[in-house]
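Residue numbers (numbering that gives the first Met the number 0): 0 to 293.
Backbone N, C-alpha and C define an ideal beta-carbon position, used for all residues, glycine too.
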Amino acid sequence: MSGGARPGRSDPALPEGGGRTEPLPDGTSRIADDTALAAVLATGAGRVLLALRAEHTGAPPQDLARLGDAGAQRHLAAALRQHRPADAVLSEEGADDAGRLNASRVWIIDPLDGTREFSEAGRSDWAVHVALWEEGRLTAAAVALPERGSLLTTAPVPGPRRRTGPRAEGPGPGRGLRLAVSRSRPPALIGPVARRLDARLVPMGSAGVKIAAVIEGTADAYIHAGGQYEWDSAAPVAVAVARGLHASRIDGSPLRYNQAHPWLPDLVVCHPGDHVRILAALADVTPPATETPS
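Structural data, given as structure tokens:
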């Protein structure tokens, strides 16, 4: 991350210094650009989490998880009050305010995605999600993977667009598809879908890490069914779509955010060249009604 937290990769589109700032009457300033703000918020919360992890090495996992959730939430809430005081917020760790349903701008945040992985020593597959929903769509987002020194945002990335056609390598109908799945609770449908696609499973934690794997090319698709909330996917889905990937419900319908009940039970994120056959395979499988969230 920037600021010397640890070496790693950052999004090259992140503005130097966090973007243009505007002065406020009280002598402070706020970041003007929403994507730059999302990046700064996610990065800052990541630093808080890294510091907590270092300070409480050896703490019981449940205590470390609680400290992480609370610490990252405090950081993000305070930053949003400074930089976007008029905007509504939907957070996994904050009380839901029904007023957000009438707001034109809502920040959808997961202060610590992958709490279980964060609480386990040596694991890096956890993330911070910060997304902005404006009048029906996601318009800005950042996903920080603090232990990996990685930051992904919706800002345009310099250079040629990544390949979006189907894979040519590998044998069989699936042509070597790699499916990112939950390491602890893979959905029951994933086995039948993988067999239909002749795909192999790549277990990992955190929905944000799984979608980041698709964005970065270490997985070809992420399929989930059985339960998530809007904050689990809003930021990584926004980044994936900005990078030209396909994202939808498993029946192909759109992912909708800032709903009255933020339950969003399933999704698929993949390369556009693969989405037709992935959705076709999913159509052959009925998700069990008793699956648990990842």
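Excluding the 5 residues preceding and the 5 following residue i in the sequence, name in chain order all residues of the same chain whose CB lies nearer than 6 angstroms to its CB.
{"i": "Ala212", "result": "Ala179 and Ala218"}
{"i": "Ser103", "result": "Glu134"}
{"i": "Ile249", "result": "Ala224, Asp265, Val267 and Leu281"}
{"i": "Arg122", "result": "Glu116"}
{"i": "Arg242", "result": "Ile214"}
{"i": "Leu278", "result": "Gly251"}
{"i": "Arg276", "result": "none"}
{"i": "Pro235", "result": "Val142, Gly207 and Ile210"}
{"i": "Arg195", "result": "Ala280"}
{"i": "Pro60", "result": "Ser118"}
{"i": "Val240", "result": "Ala246"}
Helix, strand or coil for residue i, going by three-state DSSP, please let me know.
{"i": "Ser149", "result": "strand"}
{"i": "Asp33", "result": "helix"}
{"i": "Trp125", "result": "coil"}
{"i": "Val238", "result": "helix"}
{"i": "Leu188", "result": "coil"}
{"i": "Ser118", "result": "coil"}
{"i": "Arg19", "result": "coil"}
{"i": "Arg199", "result": "strand"}
{"i": "Val88", "result": "strand"}
{"i": "Gln95", "result": "Checking the sequence, you will find Asp at residue 95 rather than Gln. Asp95 falls in the coil class under three-state DSSP."}
{"i": "Val275", "result": "helix"}
{"i": "Leu254", "result": "coil"}
{"i": "Leu378", "result": "Nothing can be reported for residue 378, as the shown portion of the chain is limited to 0 through 293."}
{"i": "Gly76", "result": "Before going on, a small fix: residue 76 reads as Ala here, not Gly. Three-state DSSP puts Ala76 in a helix."}
{"i": "Thr138", "result": "strand"}
{"i": "Ser183", "result": "coil"}
{"i": "Val284", "result": "coil"}
{"i": "Ala249", "result": "Per the sequence presented here, residue 249 reads as Ile, with Ala not at that position. Here Ile249 sits in coil by DSSP."}
{"i": "Leu263", "result": "coil"}
{"i": "Arg65", "result": "helix"}
{"i": "Val105", "result": "strand"}
{"i": "Ala154", "result": "coil"}
{"i": "Ala58", "result": "coil"}
{"i": "Leu301", "result": "In the structure displayed, the chain extends from 0 to 293; residue 301 sits before or after that span and is not available."}
{"i": "Leu48", "result": "helix"}
{"i": "Ala218", "result": "coil"}
{"i": "Gly173", "result": "Residue confidence is low: Gly173 scores 42 on pLDDT, short of 50, so the model does not pin down where it sits. Its coordinate-derived value is still stated next. Coil."}
{"i": "His223", "result": "strand"}
Checking 9 angstroms against the spacing of the C-beta atoms, do residue i and residue j come in under that value?
{"i": "Ala140", "j": "Ala259", "result": "no"}
{"i": "Trp262", "j": "Ile107", "result": "no"}
{"i": "Asp68", "j": "Gly207", "result": "no"}
{"i": "Ser149", "j": "Leu63", "result": "no"}
{"i": "Leu131", "j": "Asp197", "result": "no"}
{"i": "Arg147", "j": "Leu176", "result": "no"}
{"i": "Leu40", "j": "Leu66", "result": "no"}
{"i": "Ala78", "j": "Ala154", "result": "no"}
{"i": "Ser91", "j": "Tyr228", "result": "According to the sequence provided, residue 91 is Glu. The question's Ser does not apply to it. It is a contact, given that the beta carbons lie within the stated cut-off."}
{"i": "Gly45", "j": "Pro145", "result": "yes"}
{"i": "Ser232", "j": "Pro202", "result": "no"}
{"i": "Val129", "j": "Ala37", "result": "yes"}
{"i": "Pro186", "j": "Ile222", "result": "yes"}
{"i": "Ala220", "j": "Cys269", "result": "yes"}
Suppose the cutoff is 7 angstroms on Cβ atoms and the five residues either side in sequence are ignored; what does the same chain contact list for residue i look like?
{"i": "His274", "result": "His245"}
{"i": "Arg99", "result": "Ala87, Leu89, Val105 and Asn257"}
{"i": "Val47", "result": "Gly70, Ala71 and His74"}
{"i": "Glu253", "result": "A small fix is needed here, since residue 253 is Pro in this sequence, not Glu. These residues qualify, in order along the chain: Ser247."}
{"i": "Asp96", "result": "Ala87"}
Apart from the five residues just before and just after residue i, which ones in its own chain have a Cβ nearer than 8 angstroms to its Cβ?
{"i": "Ser205", "result": "Asp112, Gly113, Glu116, Asp124, Trp125 and Ala126"}
{"i": "Leu51", "result": "Leu63, Leu66, Gly67 and Gly70"}
{"i": "His55", "result": "Asp62, Leu63 and Leu66"}
Does any CB atom of chain D fall closer than 9 angstroms to the CB of residue i?
{"i": "Pro202", "result": "Among the chains of the structure shown, chain D does not appear; only one protein chain is present."}
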